[in-house]
Amino acid sequence: MPVESAVVQLLRFRIGNDIFALPVERVVQIIERRPVTRVPGVAASIAGVFNYDGRITPAVDLAAKLRIERDDNARRTCIVIVAAKHDAEDATVGLLVDA
Amino acid sequence: MTIFTDEERTLLMTTFVDEAQELLTSYEEALVELERNPRSEALINTIFRVAHTMKGNASTLGLDSVIALAHATEDLLDGVRERRIEVTPEVITLLLACSDHFKAHVQAATGSGAIPESTPDLVIALRDATATGTTASAGPAAIDEVKSGGASVRTSIAKLDGMLALAGEISIARSRMRTLIAALGSTDLRDAQEQLDRLCADLESDLMRIRMIPIGPVLNQQSRVVRDLARSSGKLVELLCIGGDVEADTAVIEHLRSPITHMVRNALDHGIESPEERRRRGKPEAGTVTIRAAHDAGMLIVEVSDDGAGIDAERVLRKAQRLGLTHGDGLTEAEIHRLIFQPGFTTAETVTELSGRGVGMDVVHQSIVALRGSISIRSTPGEGTAFTIRAPLSVAIIDALAVRAGGDTFVIPLEFDVECMDVDEQNLRGARTGVVDIRGHAMPFMRLATCMGTGDLKNVRKAALIVTDRKTEAALVLDRLIGRVEAVVKPLGKLPNVPGVGGATILGGGDVALIVDIPRLIQKEICEVA
Chain A
31 MPVESAVVQL LRFRIGNDIF ALPVERVVQI IERRPVTRVP GVAASIAGVF
81 NYDGRITPAV DLAAKLRIER DDNARRTCIV IVAAKHDAED ATVGLLVDA
Chain B
17 MTIFTDEERT LLMTTFVDEA QELLTSYEEA LVELERNPRS EALINTIFRV
67 AHTMKGNAST LGLDSVIALA HATEDLLDGV RERRIEVTPE VITLLLACSD
117 HFKAHVQAAT GSGAIPESTP DLVIALRDAT ATGTTASAGP AAIDEVKSGG
167 ASVRTSIAKL DGMLALAGEI SIARSRMRTL IAALGSTDLR DAQEQLDRLC
217 ADLESDLMRI RMIPIGPVLN QQSRVVRDLA RSSGKLVELL CIGGDVEADT
267 AVIEHLRSPI THMVRNALDH GIESPEERRR RGKPEAGTVT IRAAHDAGML
317 IVEVSDDGAG IDAERVLRKA QRLGLTHGDG LTEAEIHRLI FQPGFTTAET
367 VTELSGRGVG MDVVHQSIVA LRGSISIRST PGEGTAFTIR APLSVAIIDA
417 LAVRAGGDTF VIPLEFDVEC MDVDEQNLRG ARTGVVDIRG HAMPFMRLAT
467 CMGTGDLKNV RKAALIVTDR KTEAALVLDR LIGRVEAVVK PLGKLPNVPG
517 VGGATILGGG DVALIVDIPR LIQKEICEVA
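Protein sequences, first through last, are from chains A and B.
Counting from 31, one number per residue, gives the positions in the first sequence under the numbering used here.
Counting from 17, one number per residue, gives the positions in the second sequence under the numbering used here.
Okay, here's the thing in structure tokens:
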């Protein structure tokens, strides 16, 4: 992480009434909301898995993960695909966000 | 000695023929190279290994003349290896003649071409050469040219993954187009769409097949392990590899590499006795370790067996008690055998180079479980031990049923299904599992939707799919069947291993459906509760 440089390009998104931001270099793609298949026995913040480019990709429900109260009827319109490191392996996850 | 059924024999024969063609190619290449580089031990070993594997494979199939030929070839090569026999052009010629004869025999085994009559002469020539270090000329073999297996390309797995990803995107685009075409109501367009669907399905399954590689190299690699260990321990061991052409996804094969190596080491270290001990017990001085790969009901089976001492159940139990891994009395023999999979377990009195460090079989066990596979032990004191691994072909395509339960779609591998019938909700007492009357017999049932963490729907008519893990039959209660699908099995990635879920697949429309792991679901919902 650069210490001095203060200018970072961010992607802004909304969950409930809160605005969050992610460094853009983390973001792989933003896709339309698509069906997420529930998986039993996983953490509540994992909404399930979905098909991203033919790969089974976990979907993280950021609202549940960050314990944000939100209206369940609000439509989460898109999925932000981010690249993350997990156990020294590259992993791709989708974040469910509202807008 | 194993007795094979006709079907197994045909399978073995096919495997033998395919493997032989590949082996003989490397045999010849190495021979030619050896002529230029007569001191190369690696080359001599390669050649020796081919002859040895040919002998092993042929003896499984009882092809006596091939065994005799391979045996004579081995003897000559032993001489070469021990530098008793010089690598002269005559020796090379003789060994190449062997290759021609092998090919002719392989051809004959497939039913095309006759067995060359001069093989016994060649065997005699080989024996003479072995005895005297010089070679007489042997009769040329009458053979047809063996057709080569066709050109091949090497490519990276990443590229294949990329193609698969594209295929997935195409399938989503297709389903969108299908909706649009349906709205237009044109029959011509729909026909064209259906044709496109079929072609794309073929393309996808071809793509999956490209990822399948034969297990042969991993099996043959063990011969080096066996030779090295046998030499350092003073034991005499022969390695037999059967089914090298059995294919599985490249990732599965890669995962099995080190467990197989470990089991082979284990067999040499703990199974096979010293030559003196074996003689005392009236066994042949040389022990045999057999690795056998096969396909069974959509699973990859790898069996590593030895004709050694077998597992000493009493010793295992004492050791496990001393280590505090069990205090149990009244364990069955099978339960005692499974104790060796406990972390930290080892019976070796002294720590040897490779096994006996207590990080042995439990690591094997864990890596097999991580593959969503299983491992079982069969052991008879004094006669030997066999470890059998069952692993999914992983990214393979399975025949399955798509079903609806609790508002979700699930995919159930066809191999576990027995039959399907309607049941009334009022006959199902139990929110998750229970017992239902199926044609006058009490059968355990489990509600798929509840087991998968969603609530079951309150409809009156339910469907019951009778499933089995080959020991227990159970009725899987669901809402309705959708139909047969060819499902491409994909791992759930980084998510934790969920019992009862055997991966996921992408349906025609692009949605993801979970694949139900029937044996583990039965185990978890019925056997462990009972």
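For glycine and all other residues, C-beta sits at the position ideal for the given N, C-alpha and C.
Residues of its chain near residue i, where Cβ-Cβ distance is below 7 Å and the 5 sequence neighbours each way are ignored
i                 : result
Ala84 of chain B  : Val139
Ala458 of chain B : Val451
Ser115 of chain B : Leu40, Tyr43 and Glu44
Ala113 of chain A : Arg56, Val58, Asp120 and Thr122
Met29 of chain B  : Leu77 and Ala125
Met179 of chain B : Leu223
Cβ of residue i within 7 Å of any chain A Cβ
i                 : result
Asp533 of chain B : no
Gly469 of chain B : yes
Ile522 of chain B : yes
Leu511 of chain B : yes
Gly526 of chain B : yes
Thr18 of chain B  : Model confidence at Thr18 of chain B stands at a pLDDT of 49, short of 50, so the residue's coordinates are unreliable; what they give is reported in the following sentence. No, its Cβ sits nowhere closer than 7 Å to a Cβ of chain A.
Val514 of chain B : yes
Lys506 of chain B : yes
Val375 of chain B : For Val375 of chain B, the predicted model reports a pLDDT of 47, less than 50, meaning its position is unreliable and no value from the coordinates is stated.
Glu369 of chain B : In this predicted model, Glu369 of chain B has a pLDDT of only 41, less than 50, meaning its place in the structure is not dependable enough to derive any value.
Ala154 of chain B : Low confidence applies here, because Ala154 of chain B scores a pLDDT of 38, under 50, leaving its location unreliable and the question unanswered by this model.
Interface flag, residue i vs chain B, CB-CB below 7 Å
i                 : result
Ile109 of chain A : no
Gly124 of chain A : no
Val37 of chain A  : no
Val112 of chain A : no
Val72 of chain A  : yes
Own chain, CB closer than 6 Å to residue i, minus 5 neighbours either side, in chain order
i                 : result
Gln39 of chain A  : Val54
Met377 of chain B : Ile356 and Phe357
Thr31 of chain B  : Gly259 and Asp261
Ile538 of chain B : Asp485, Thr488 and Ala490
Leu494 of chain B : Val419, Ala421, Leu464 and Ala479
Glu254 of chain B : Ala302 and Thr304
Asp453 of chain B : none
8 Å CB neighbourhood of residue i in its chain, flanking five on each side removed
i                 : result
Glu502 of chain B : Ala217, Ser221, Ile413, Ile414, Asp415 and Ala416
Arg65 of chain B  : Asn236 and Ser239
Arg496 of chain B : Val419, Arg420 and Ala479
Ala51 of chain A  : Leu40, Leu41, Arg42 and Phe43
Val514 of chain B : Leu508
Ile159 of chain B : No answer about Ile159 of chain B holds up, because its pLDDT of 35 lies below 50 and its placement is not dependable.
Val33 of chain B  : Val122, Ala125 and Thr126
Residue range of the beta strand (DSSP E) that includes residue i
i                 : result
Glu254 of chain B : Val253 to Ile258
Ser395 of chain B : Ser390 to Thr396
Glu489 of chain B : Glu489 to Leu494
Pro300 of chain B : Where Pro300 of chain B is concerned, there is no enclosing beta strand (DSSP E), given that its DSSP letter is neither H nor E.
Lys478 of chain B : Arg477 to Thr484
Cys436 of chain B : Asp433 to Asp440
Ser202 of chain B : Unbroken run through Ser202 of chain B: none, as it is neither H nor E.
His87 of chain B  : Here His87 of chain B belongs to no beta strand (DSSP E); instead the alpha helix (DSSP H) covers Asp80 to Arg97.
Enclosing alpha helix (DSSP H) for residue i [first to last residue]
i                 : result
Pro291 of chain B : Pro291 to Arg296
Glu123 of chain B : Sequence inspection shows Gln at residue 123 of chain B; the Glu mentioned does not correspond to that position. Taken as a continuous stretch (DSSP letters only), the alpha helix (DSSP H) holding Gln123 of chain B covers Pro105 to Ala125.
Asn282 of chain B : Thr266 to Asn282
Pro429 of chain B : Segment Asp424 to Pro429 is the beta strand (DSSP E) holding Pro429 of chain B; no alpha helix (DSSP H) there.
Ile63 of chain B  : Glu57 to Leu77
Proximity test, residue i beta-carbon vs the ligand GDP heavy atom, cut-off 6 Å
i                 : result
Ser134 of chain B : Absence of the ligand GDP from the depicted structure is noted, as is the absence of any ligand whatsoever, leaving it without description.
**Asked** Of the residues that make up the stretch 73-96 of chain B, which ones have a beta carbon closer than 9 Å to any beta carbon in chain A?
**Response** none
**Asked** In chain order, what residues of the stretch 74-103 of chain A put their CB closer than 9 Å to some CB of chain B?
**Response** Ile76, Gly78, Val79, Phe80, Asn81, Tyr82, Asp83, Gly84, Arg85, Ile86, Thr87 and Pro88
**Prompt:** Any chance the stretch 299-315 of chain B sits against the stretch 380-387 of chain B, with 3 or more Cβ pairs inside 8 Å?
**Reply:** no
**Item:** Residues of the stretch 54-68 of chain A whose Cβ lies closer than 9 Å to any Cβ of chain B, in chain order
**Value:** Arg64, Pro65, Val66, Thr67 and Arg68
**Message:** Is it the case that the stretch 285-293 of chain B contacts the stretch 336-354 of chain B, given that we only count it when at least three CB pairs across the two stretches are under 8 Å?
**Reply:** no
**Message:** Whether or not the stretch 197-211 of chain B and the stretch 245-256 of chain B are in contact is what I'm after, with contact meaning three or more pairs of Cβ atoms, one per stretch, closer than 8 Å; do they touch?
**Reply:** no
**Request:** Can you give me, in chain order, the residues of the stretch 469-486 of chain B that have a beta carbon less than 9 Å from any beta carbon in chain A?
**Result:** Gly469 and Thr470
**Request:** Could you name the residues of the stretch 403-424 of chain B whose beta carbon sits closer than 8 Å to any beta carbon of chain A, in the order they occur along the chain?
**Result:** Asp424
**Asked** Is the stretch 391-411 of chain B touching the stretch 423-441 of chain B, taking contact as three or more C-beta pairs under 8 Å?
**Response** no
**Asked** Are the stretch 87-96 of chain B and the stretch 52-70 of chain B touching by the rule of at least three beta carbon pairs closer than 8 Å?
**Response** yes
**Asked** Quick check: the stretch 314-323 of chain B against the stretch 395-406 of chain B, are there 3 or more CB pairs under 8 Å?
**Response** yes
**Asked** Can at least three beta-carbon pairs, one atom from the stretch 266-281 of chain B and one from the stretch 90-105 of chain B, be found at a separation below 8 Å?
**Response** no
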